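This report concerns only the one structure given below.
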Amino acid sequence: MRANSLKLFRSIPRYATSRPLPHQCATQGLRWSSTSKREWSTPLAKQLAEAINTTGPISVAAYMRQCLTSDMGGYYTRQTPGHDQFGTKGDFITSPEISQVFGELVGIWLYTEWIAQGKKDKVHIVEVGPGRGTLMSDVLRTISSFKPFANSVQTIYMVEASEQLRKQQAQLLSGTEEVKETDIGWTAPCKYIPGCNITWCEDIRFVPKDETSTPFILAHEFFDALPIHVFQNVANSTLPAASTTITPDGPITPKHGPQVPKNNWHELVVSPLPPPTLHTPTSSSSSKEPPPEFHLTVSQSPTPHSLYLPHLSNRYKKLQNTPDAIIEISPESLSYISDFAVRIGGDNPPSSSSPSSSPPTAAKPTTTYTPNTSTQTTPFHKRTPSGAALILDYGPANTIPTNTLRGIRAHQPVSPFVAPGLVDLSADVDFLALAESALSASPGVEVHGPVEQAFFLGSLGIKERIERLAKGSKGEEGEEVKKRLETSWKRLVDRGPTGMGRIYKVMALLPYLEGTMVRRPVGFGGDFVG
Numbered sequence: 097m098r099a100n101s102l103k104l105f106r107s108i109p110r111y112a113t114s115r116p117l118p119h120q121c122a123t124q125g126l127r128w129s130s131t132s133k134r135e136w137s138t139p140l141a142k143q144l145a146e147a148i149n150t151t152g153p154i155s156v157a158a159y160m161r162q163c164l165t166s167d168m169g170g171y172y173t174r175q176t177p178g179h180d181q182f183g184t185k186g187d188f189i190t191s192p193e194i195s196q197v198f199g200e201l202v203g204i205w206l207y208t209e210w211i212a213q214g215k216k217d218k219v220h221i222v223e224v225g226p227g228r229g230t231l232m233s234d235v236l237r238t239i240s241s242f243k244p245f246a247n248s249v250q251t252i253y254m255v256e257a258s259e260q261l262r263k264q265q266a267q268l269l270s271g272t273e274e275v276k277e278t279d280i281g282w283t284a285p286c287k288y289i290p291g292c293n294i295t296w297c298e299d300i301r302f303v304p305k306d307e308t309s310t311p312f313i314l315a316h317e318f319f320d321a322l323p324i325h326v327f328q329n330v331a332n333s334t335l336p337a338a339s340t341t342i343t344p345d346g347p348i349t350p351k352h353g354p355q356v357p358k359n360n361w362h363e364l365v366v367s368p369l370p371p372p373t374l375h376t377p378t379s380s381s382s383s384k385e386p387p388p389e390f391h392l393t394v395s396q397s398p399t400p401h402s403l404y405l406p407h408l409s410n411r412y413k414k415l416q417n418t419p420d421a422i423i424e425i426s427p428e429s430l431s432y433i434s435d436f437a438v439r440i441g442g443d444n445p446p447s448s449s450s451p452s453s454s455p456p457t458a459a460k461p462t463t464t465y466t467p468n469t470s471t472q473t474t475p476f477h478k479r480t481p482s483g484a485a486l487i488l489d490y491g492p493a494n495t496i497p498t499n500t501l502r503g504i505r506a507h508q509p510v511s512p513f514v515a516p517g518l519v520d521l522s523a524d525v526d527f528l529a530l531a532e533s534a535l536s537a538s539p540g541v542e543v544h545g546p547v548e549q550a551f552f553l554g555s556l557g558i559k560e561r562i563e564r565l566a567k568g569s570k571g572e573e574g575e576e577v578k579k580r581l582e583t584s585w586k587r588l589v590d591r592g593p594t595g596m597g598r599i600y601k602v603m604a605l606l607p608y609l610e611g612t613m614v615r616r617p618v619g620f621g622g623d624f625v626g
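Quick note, this note's numbering runs 96 ahead of the 1-based positions in the sequence shown.
The structure is reproduced here in structure tokens:
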């Protein structure tokens, strides 16, 4: 089988901020015509309310996308001097900022894979959602210690939509914010590997595919920020028969009038709440948190997504007869993981990727987000699969995420419907959906994991590395350094109920070569291959 499922401060990582959404949602969205008179928390909140007032409620995915990347002041795209989303002065903390050893071990993992795959000489390193560049900085610093591996790295790609973050990454990785514009993005020399350039692209679709290259792809806390669609199974639901609904497979027009009442998937959509009054009780009235300006409602009519996405996988179909079941699906996540798989193992042949024969799990999402107007993608053939993708994120190992949309601001959990653009939004990653999509997208990949972060880091020797660093710390200051080192690594591998070592998972895509034995990589139960 190709799939094997086997200074520190107290601030909260994203996963710790889950605020479950109610299972029973309002069945009708309220429209408010007085958006221009109402005082909204942000310009983006007003824009969203006006758009909903004009066109009707929007999907959770559309809401997340606007809140995170809108040019009207999205969380990652707004230009605010002195603003930083990460670290003590920001809103949340990530593993690379807790300890440099995290990035060092990721670099070691790439090195072990490079050796195991025969020391290829045309390596491309790609990171999606690189934040401030801390992880890549530690990875490249580590790689530079292994000269043969460093010399094999031809180029580095950073997939980043935020201009502000691109500047921070360039300063850290190149020593300058001055980057040269190219036909696919921007480029600057890498300060860690002489003769190697770093190229920034706004989207992974601009990163060239090369059948002779060996891509090593990193995705750390990336998938949790991709938009999700949310669906609720409504019992005894009768979908109206009047209107034609446009779906990815084409228009659907009911043939036999109204349906017999049965369980149907309805999309949960976002609508504005009425403005709070002195007499309107709110869940946050006893706290300092401002009241939400939006809420979830159940769409009464089918949406293109409700007619299509819940039917992608048998995992969702098994819940068809479970009233009030709620599922979260991220088409963009399926698109990205499919792209990773194709870069490593090549595309499925045309005969197996046709709509009539291919599992829809990956086939449709890979054509949902294309760089040109055409929905047809050019097959990418790779004679010999090579490379790897390492996904580090949080979410359940083998169940469907439900009620996981969360907001975080200034290291505190807040409603995801408060202050759009000022609050970071995220949701649990569906690792099993990622695995299904990767295997459907390419015949040349296998999936390992997910495993708990504690197991992964422990297998790579985090304890031994910390002990070595501690031995080099001398004197009075050294004792303080030792304490910080001890605190940091224990936090990363903490397997308590909400510990990072348990909540965070690691999954890998590796090349699959038919007729060869499955090789477990380091960190997933395998040993170093020299």
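We put the CB at the ideal spot given by N, CA and C, even for glycine.
Every value quoted in this text rests on a predicted model; they were computed, and no experiment measured them.
- The beta carbon of residue 385 is closer than 6 Å to those of 510 in its chain, skipping five residues each way along the sequence.
- Per the DSSP secondary-structure output, residue 223 pairs in a beta bridge with 254 and 314.
- Here residue 548 is bridged, per DSSP, to 601.
- Under the Cβ criterion (8 Å, minimum of three pairs), the stretch 509-528 does not count as touching the stretch 611-626.
- Of the candidates 482, 224 and 291, the residue whose Cα lies closest to the Cα of residue 250 is 291.
- For residue 361, the uninterrupted beta strand (DSSP E) run begins and ends at 358-368, by DSSP.
- Looking at the DSSP output, residue 302 shares a beta bridge with no other residue.
- Residue 490 is bridged by DSSP to 600.
- For residue 202, no beta strand (DSSP E) encloses it; the enclosing alpha helix (DSSP H) starts and ends at 196-212.
- Contact annotation: residue 293 and residue 304 have beta-carbon atoms that are not nearer than 7 Å.
- The beta carbon of residue 485 sits closer than 6 Å to the beta carbons of 313, 436 and 605 from its chain, once the five residues preceding and following it are set aside; these are given in chain order.
- Secondary structure at residue 136: coil, using DSSP grouped into helix, strand and coil.
- Residue 508 sits in a strand when the DSSP states are folded into three classes.
- Contact between residue 148 and residue 400 is ruled out by a C-beta separation of about 18 Å, above the 8 Å threshold.
- For the pair residue 523 and residue 501, the CB atoms are nearer than the 7 Å cut-off.
- In the structure shown, residue 297 falls within a strand segment according to DSSP collapsed to helix, strand and coil.
- DSSP places residue 329 within a strand segment (E or B) once states are collapsed to three.
- C-alpha of residue 162 to C-alpha of residue 223: approximately 23 Å in a straight line.
- Where residue 284 is concerned, the enclosing beta strand (DSSP E) starts and stops at 282-285.
- Distance from the Cα of residue 370 is smallest, within the candidate group 430, 142, 159 and 540, for 142.
- By the neighbour-count definition (other C-beta atoms within 10 Å, threshold 16), residue 475 is an exposed residue.
- The Cβ-Cβ distance between residue 581 and residue 558 does not fall below 7 Å.
- By the neighbour-count criterion, in which a residue is buried when 16 or more other Cβ atoms sit within 10 angstroms of its Cβ, residue 279 is exposed.
- Taken through DSSP and simplified to helix, strand or coil, residue 242 comes out as coil.
- Distance from residue 390 to residue 365 at the Cβ level is roughly 10 Å; contact not present, criterion being Cβ atoms closer than 8 Å.
- Just measuring C-alpha positions, the residue of 321, 257, 323 and 318 sitting nearest residue 295 is 257.
- When the alpha-carbon of residue 414 is set against those of 601, 359, 589 and 431, the nearest one is in 359.
- Taking 4 residues as the minimum length, the alpha helix (DSSP H) runs contained wholly in the stretch 511-587 are 527-537, 549-555 and 558-567, in order along the chain.
- With contacts defined by Cβ atoms closer than 7 Å, residue 619 and residue 555 form a contacting pair.
- The beta carbon of residue 530 sits closer than 6 Å to the beta carbons of 433 from its chain, once the five residues preceding and following it are set aside; these are given in chain order.
- Residue environment for residue 417: exposed (fewer than 16 other C-beta atoms within 10 angstroms of its C-beta).
- In this structure, the alpha-carbon of residue 421 lies about 39 Å from that of residue 205.
- For residue 441, the secondary structure class from DSSP, reduced to helix, strand or coil, is helix.
- In the structure shown, residue 230 falls within a helical segment according to DSSP collapsed to helix, strand and coil.
- Counting of Cβ neighbours within 10 angstroms places residue 479 among the exposed residues, the total staying below 16.
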